[in-house]
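Just so you know, we're using this note's numbering here: the sequence shown kicks off at 66 and counts up by one.
Here's the structure, in structure tokens; my notes come after.
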Amino acid sequence: MFNMAPALLYCKKIKRQNIIKVLRLNLISKKQLLYSTIIFVLYNIISAILIILQEDILELFNVSFVMEQPIAVNTFATIMFVLVGGFICPISEEFFFRGLLIRGMEKIGIKFGIFISAFYFAIYHNNPYRLITLLLFGVLIGYIVHYTNSILPGILFHILTNSIFVISTYILGPENYNKIYSNVSITRVNILENNYVLMIILVIVSLICFTCFKKLKSLSVPKESTLDSVDNKANIKGKIYIVTSVIFVTLLFIAIIR
Numbered sequence: 066m067f068n069m070a071p072a073l074l075y076c077k078k079i080k081r082q083n084i085i086k087v088l089r090l091n092l093i094s095k096k097q098l099l100y101s102t103i104i105f106v107l108y109n110i111i112s113a114i115l116i117i118l119q120e121d122i123l124e125l126f127n128v129s130f131v132m133e134q135p136i137a138v139n140t141f142a143t144i145m146f147v148l149v150g151g152f153i154c155p156i157s158e159e160f161f162f163r164g165l166l167i168r169g170m171e172k173i174g175i176k177f178g179i180f181i182s183a184f185y186f187a188i189y190h191n192n193p194y195r196l197i198t199l200l201l202f203g204v205l206i207g208y209i210v211h212y213t214n215s216i217l218p219g220i221l222f223h224i225l226t227n228s229i230f231v232i233s234t235y236i237l238g239p240e241n242y243n244k245i246y247s248n249v250s251i252t253r254v255n256i257l258e259n260n261y262v263l264m265i266i267l268v269i270v271s272l273i274c275f276t277c278f279k280k281l282k283s284l285s286v287p288k289e290s291t292l293d294s295v296d297n298k299a300n301i302k303g304k305i306y307i308v309t310s311v312i313f314v315t316l317l318f319i320a321i322i323r
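Here it is in structure tokens:
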């Protein structure tokens, strides 16, 4: 979080902007929370299906991934992991990725900003196995933050995701969790062994998720921008710089994981 101090000081002292508005630290309505929660639950279903389908595709090329994330092995470590990984990291990551980063690019284009933020969020976690689902998480949370004009749902769902992961690894134990994480397909029940069934479920859940987003969008209110206007030339130049950096980071990421 200290890394964001210069950017926040710049907003406060130089641009004379309200930090609360910049970071979207606003309360949301009960309906907004309801639809946001449904989207979060549906995301986890979509994520699980995508990982299973991804495994089937990787098996065709004899490719597999082994989880290298740290796992708590005792109660004290679990408490510390929940504190740091379950609370501090999600809050700081949301402030940066869904707070400063999206806000800084909203004049270039909100859809563009949400996707770029999600891309860097996925790359930042350095987890090739979950790259697709991390990107999807970033996009969905980005739109939730945009439609609710609040970063609080993003923080809440990020905390839940990380905390559940830490606690579940402790309960299952490193060996069992590594086995499940590295081969999600072994957790399938009989009906889900058919990829056609999985695809049907994926389509249905995605449509419900899309409907919830439409409902959430209908509840959104006009947002007051905290940034200066950007002309078309600056807009195009900004996109060129950002896309160039995305290409460079992608190539670097591929080189690292090989």
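Positions of the beta carbon are idealized from the N, C-alpha and C atoms, including for glycine.
Which whole-angstrom value describes the C-beta separation of residue i and residue j, a residue pair presumed to lie in contact below a C-beta threshold of 8 Å?
{"i": "V147", "j": "S228", "result": "5 Å"}
{"i": "Y212", "j": "S285", "result": "5 Å"}
{"i": "Y100", "j": "C277", "result": "5 Å"}
{"i": "I232", "j": "T143", "result": "7 Å"}
{"i": "I156", "j": "V270", "result": "Their Cβ separation, rounded to whole angstroms, is 28 Å, which puts I156 and V270 out of contact at 8 Å."}
{"i": "L263", "j": "I116", "result": "Rounded, the Cβ-Cβ distance is 11 Å, inconsistent with contact."}
{"i": "I307", "j": "I181", "result": "6 Å"}
{"i": "I93", "j": "P218", "result": "6 Å"}
{"i": "Q97", "j": "I197", "result": "No, Q97 and I197 are not in contact; Cβ-Cβ is about 27 Å, not under 8 Å."}
Could you spell out the range, first to last residue, of the alpha helix (DSSP H) harbouring residue i?
{"i": "H190", "result": "Here H190 belongs to no alpha helix (DSSP H), and DSSP marks it neither H nor E."}
{"i": "L92", "result": "Element bounds for L92: n/a, residue is neither H nor E."}
{"i": "I153", "result": "No alpha helix (DSSP H) holds I153; DSSP gives it neither H nor E."}
{"i": "S271", "result": "N260 to S283"}
{"i": "G169", "result": "I167 to M170"}
{"i": "A142", "result": "T140 to L148"}
Would you say residue i reaches chain C, if we count a Cβ-Cβ gap shorter than 9 Å as a contact?
{"i": "N91", "result": "Looking at the structure shown, chain C is missing, and only one protein chain is on hand."}
Next item on the list: Scan the region 208 to 245 and note each continuous alpha helix (DSSP H) run of 4 residues or more that stays entirely inside, going in chain order.
Entry: 217 to 237
Check: For the region 309 to 322 against the region 180 to 194, are there 3 or more C-beta pairs whose distance is under 8 Å?
Finding: yes
Check: Is it true that the region 179 to 187 meets the region 202 to 212, where meeting means three or more beta-carbon pairs spaced less than 8 Å apart?
Finding: yes
Note to self: Quick test of the definition: if touching needs 3 or more C-beta pairs under 8 Å, does the region 121 to 129 touch the region 161 to 171?
What the structure shows: no
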